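Numbering (our numbering), first residue to last: 3 to 522. Let me begin by presenting the structure, written as structure tokens, before commenting on it.
Right, here's the structure in full:
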């Protein structure tokens, strides 16, 4: 088993997702380094280019238009500027899926972590904060005679995206040296220079403005130059160095105030908060025995499933392999564990799978714990599964009524951990084969609490018609009819849903899957 670190931003999210799925499919793990730009700052920077095209000469109208971008009333048409983003919905969804798959998230600041929570709805149980110094910042040389100038540091950005901060800096009346990609200064007086030619400018500057929306690395690397610094508050630079004058990247007034303040401030020092920048993680140290019942057609367990079980951080488990429904019932009767997990040969458990679910049951006292999973959509062809799409399974609340019509966990029961004692009391129904676990889950939900683990902890593979690769279709209709007789519909809506299920199963062997939201 190997452990990797993957880096994702808006430009490469789908490519990284494909690699993440391959890693998980082979039983390997990874941490995800997230680079998330601030939405409002990105939108304002893009709009500022249009403002400067509309007012090609620096004048009162241009400044007023740039000022409006930073006001609460800023709007495009009649829609507030805050509603817009530079990242499309599909890319945001891909980044959320990546975060759900990762063992832990690495961010460059807590500001970036909060941005992930607020803008992307990413909530993870394990974060760490780490940043690299920007190697493009030249090594400090002997300071020359100061000339009162300002350096604007933004080597990744074209000049046109810097109009807001350039307008603020120009208002000071000081000489501007701009480390950026060459472009149109649109009448703003200043000199564009390359990072490799910036040592002399840094040696003479009265202050430096770091224009990155999300990365504190340049500000950290500039500390040895002993120059007062400004940085966007969304970069998180203030978490690493002090003092630093922070500004809102979308506001000319805010940037101007920060630059004016910085000119009277002492140089910063590298002073990260040791309390803030410790890795945040949770580890399950429970030692309860878990019985893993592997459902296998030929009585063997494939390498991917075996490796994923052996890699569990929760090391107290026993494995039983069962090929028929009768053997599954016998394995349950013989189970020694405090908890029971059913999985199919070919499923891949992530390293913290058992630890997460066991901890949830030990802490909550519930009878059932359930997590999320990733579903790999595969080709029906010989050889190893070839994934052409993915889906992170919906983590809906696990309630009796929600499952009363159709088995949403169909053949993905690696996501569910049962407390053994009530499961044995309920037992697996002898008239059922493929839906035996579904039916016993319904009975347990009528009597036991279920606790949700907000983690994606495993992976399975299916064809679009719901079958596992290389397996013949098996009709589910008779078994659904049996389940429905045992469990009367709680209301008319469920009754209608059940009728729709049976109509579908008249022409199809089993419930198919929705097409994958992303194709790799």
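The C-beta atom is built at its ideal place from N, Cα and C for all residues, glycine as well. All figures in this text were calculated on a predicted structure; none of them were measured in a lab.
- Distance from the Cα of residue 348 is smallest, within the candidate group 364, 369, 377, 329, for 377.
- For residue 345, the closest C-alpha among the options 266, 314, 428, 460 is that of 460.
- In the three-state reduction of the DSSP assignment, residue 417 falls in the helix class, which pools H, G and I.
- Annotated three-state conformation of residue 57 is coil, per DSSP.
- If you check the CB distance, residue 31 and residue 373 do not come in under 7 angstroms.
- An exposed status is given to residue 5, since fewer than 16 other beta-carbon atoms sit within 10 Å of its beta-carbon.
- Proximity of the stretch 496-509 to the stretch 396-410 meets the contact definition, three or more beta-carbon pairs being nearer than 8 angstroms.
- Taking the Cα positions, residue 130 is about 51 angstroms away from residue 480.
- The three-state secondary structure of residue 156, taken from DSSP, is strand.
- Under the three-state reduction of DSSP, residue 485 is assigned to helix.
- Of all C-beta pairs linking the stretch 57-66 to the stretch 239-251, fewer than three are shorter than 8 angstroms, placing the two stretches out of contact.
- Around the beta carbon of residue 314, a 10 Å sphere encloses 16 or more other beta carbons of the protein chains shown; the residue is thus reported as buried.
- Membership of residue 478 in any alpha helix (DSSP H) is not indicated, and neither H nor E is assigned to it by DSSP.
- In terms of CA proximity to residue 340, 364 leads the group 232, 364, 68.
- Taking the C-beta atoms as reference points, residue 359 is found nearer than 7 angstroms to residue 419.
- Taken in chain order, the complete beta strand (DSSP E) segments of 3 residues or longer contained in the stretch 133-195 are 152-160, 178-183, 193-195.
- Residue 381 has its alpha-carbon roughly 7 angstroms from the corresponding atom of residue 389.
- Distance from the CA atom of residue 488 to the CA atom of residue 510, rounded to whole angstroms, is 23 angstroms.
- In terms of Cβ geometry, residue 20 and residue 458 do not form a close pair [threshold 7 angstroms].
- One thing to note: residue 97 has its Cβ no nearer than 7 angstroms to the Cβ of residue 47.
- Looking only at 182, 173, 18, 172, the smallest Cα-Cα distance to residue 139 is reached by 182.
- Residues of the same chain with a CB within less than 6 angstroms of the CB of residue 362, apart from the 5 flanking positions on each side, are 371, 453, 455 in chain order.
- According to the DSSP assignment, residue 222 belongs to the alpha helix (DSSP H) that extends over 219-224.
- For residue 198, no beta strand (DSSP E) segment is defined, and its DSSP state is neither H nor E.
- In this structure, the alpha-carbon of residue 355 lies about 45 angstroms from that of residue 231.
- Below 8 angstroms, enough C-beta pairs join the stretch 153-169 and the stretch 185-195 to call them touching: three or more.
- Per the DSSP secondary-structure output, residue 461 pairs in a beta bridge with 350, 376.
- Residue 508 sits exposed, since fewer than 16 C-beta atoms from the chains shown fall within 10 Å of its C-beta.
- Using a C-beta cut-off of 8 angstroms, the stretch 117-126 makes contact with the stretch 33-45, since at least three inter-stretch Cβ pairs fall below that distance.
- Listed in chain order, the non-local C-beta contacts of residue 132 below 6 angstroms within the same chain comprise 108, local neighbours out to five positions each way being set aside.
- In this structure residue 243 touches residue 221 by the C-beta definition: roughly 6 angstroms separates them, less than 8 angstroms.
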